[in-house]
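A quick write-up on the structure given underneath.
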Amino acid sequence: AQKVTQAQTEISVVEKEDVTLDCVYETRDTTYYLFWYKQPPSGELVFLIRRNSFDEQNEISGRYSWNFQKSTSSFNFTITASQVVDSAVYFCALSGSSNTGKLIFGQGTTLQVKP
Amino acid sequence: DTEVTQTPKHLVMGMTNKKSLKCEQHMGHRAMYWYKQKAKKPPELMFVYSYEKLSINESVPSRFSPECPNSSLLNLHLHALQPEDSALYLCASSPRLEERSYNSPLHFGNGTRLTVT
Chain Y
1 AQKVTQAQTE ISVVEKEDVT LDCVYETRDT TYYLFWYKQP PSGELVFLIR
51 RNSFDEQNEI SGRYSWNFQK STSSFNFTIT ASQVVDSAVY FCALSGSSNT
101 GKLIFGQGTT LQVKP
Chain W
1 DTEVTQTPKH LVMGMTNKKS LKCEQHMGHR AMYWYKQKAK KPPELMFVYS
51 YEKLSINESV PSRFSPECPN SSLLNLHLHA LQPEDSALYL CASSPRLEER
101 SYNSPLHFGN GTRLTVT
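Chains as they are written, first to last, in our numbering: chain Y, 1 to 115; chain W, 1 to 117.
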């Protein structure tokens, strides 16, 4: 079975604080991909990053960074110097060879950044 | 601006009405998806089309009827819905739905907020 767990339901920070969103996954596939999506109040799911199971390099994109650790089955997402515009629901998702076409989403973490 | 366009943005319908949701993409993607999202929940997959053919139906009730007239368009026909069907309906697309492309990120539209009264 495949599963994605985002234990943090809601996080509230003050602008300019750093914040880390946790994601833990379960899969028996040896090849799989992990994703992060952002869903602002407008509703659209915005793709942020994709990471495959063979690439454990961490990635940084501006204020965003991702830490993939296969040993702990985690794919955490850090926002540095958070801004009000970062307020949204963030979903971690998993796609593997055993479920082509299906994204397994976590329950989502609602991030509120206060000015 | 999203590259997947959904209309209408909001829809209110009675339980006896028939309505349709529309989705359009011009990225040349050959896989298109319908997702349903209830408040404070993650999206749930409903249907997947690959090369205009229905590839996945996640045991969705027959009151939801998908249609893919061509590679750019995806419709969801609604009939005799229940109040519990009220949700955000998201359309998405990806380049392909072949085995080796399960890594392709989905491109989502803004969704249609459906209220069934």
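For every residue, glycine included, the Cβ atom is placed at its ideal position computed from N, Cα and C.
All of these numbers come straight from a predicted model, not from anything done at the bench.
Residues that residue i contacts on chain Y, provided the C-beta gap is smaller than 8 angstroms
i      : result
W/S55  : G101
W/P105 : F35, F47, R50
W/G111 : G43, E44
Whether residue i touches residue j by CB criterion (9 angstroms)
i      : j      : result
W/A80  : W/M15  : yes
Y/I104 : Y/Q2   : yes
Y/C92  : Y/L21  : yes
W/L90  : W/K36  : yes
W/L140 : W/C68  : The structure shown does not extend to residue 140 of chain W, since chain W is modelled only from 1 through 117, so no value can be given for it.
W/P105 : W/R30  : no
W/N75  : W/P66  : yes
W/K40  : Y/T109 : no
Y/V19  : Y/S74  : no
Y/P40  : Y/A88  : yes
Y/K114 : Y/V84  : yes
W/T112 : W/L45  : no
W/M27  : W/E3   : yes
Y/Y32  : Y/L48  : no
W/N110 : Y/S42  : yes
Y/S95  : W/N103 : yes
Y/T100 : W/L97  : yes
Y/G106 : W/P8   : no
W/S71  : W/Y33  : no
Partners in chain Y for residue i, counting only beta-carbon separations shorter than 7 angstroms
i      : result
W/F108 : E44, L45
W/P42  : F91, F105, G106, Q107, G108
W/V48  : G101
Residue i: contacting residues in chain W (beta-carbon distance under 9 angstroms)
i     : result
Y/F68 : Here the premise fails: no neighbours, minimum Cβ distance about 14 angstroms.
Y/S71 : Correct list: empty, because the minimum Cβ distance to chain W is about 22 angstroms.
Interface partners of residue i on chain W, CB under 8 angstroms
i     : result
Y/S65 : Correct list: empty, because the minimum Cβ distance to chain W is about 18 angstroms.
At least 3 beta-carbon pairs within less than 8 angstroms: the segment 1–21 of chain W vs the segment 65–77 of chain Y
no
Please name the residues in the segment 29–56 of chain Y whose beta-carbon is closer than 7 angstroms to at least one beta-carbon of chain W, in chain order.
Y33, F35, S42, G43, E44, L45, F47, R50, N52
Cβ pair count under 8 angstroms reaching 3, the segment 36–54 of chain Y against the segment 47–63 of chain W:
no
Select from the segment 12–45 of chain W all residues with a C-beta closer than 9 angstroms to any C-beta belonging to chain Y, and list them in chain order.
A31, Y33, Y35, Q37, K40, K41, P42, P43, E44, L45
Residue ranges of each beta strand (DSSP E) within the segment 6–83 of chain Y, 3 or longer
10–14, 19–21, 24–26, 32–39, 46–52, 59–61, 64–69, 74–79
Could you tell me which whole beta strand (DSSP E) segments of length 3 or greater appear in the segment 6–74 of chain W?
10–13, 18–25, 31–37, 44–50, 53–57, 64–70
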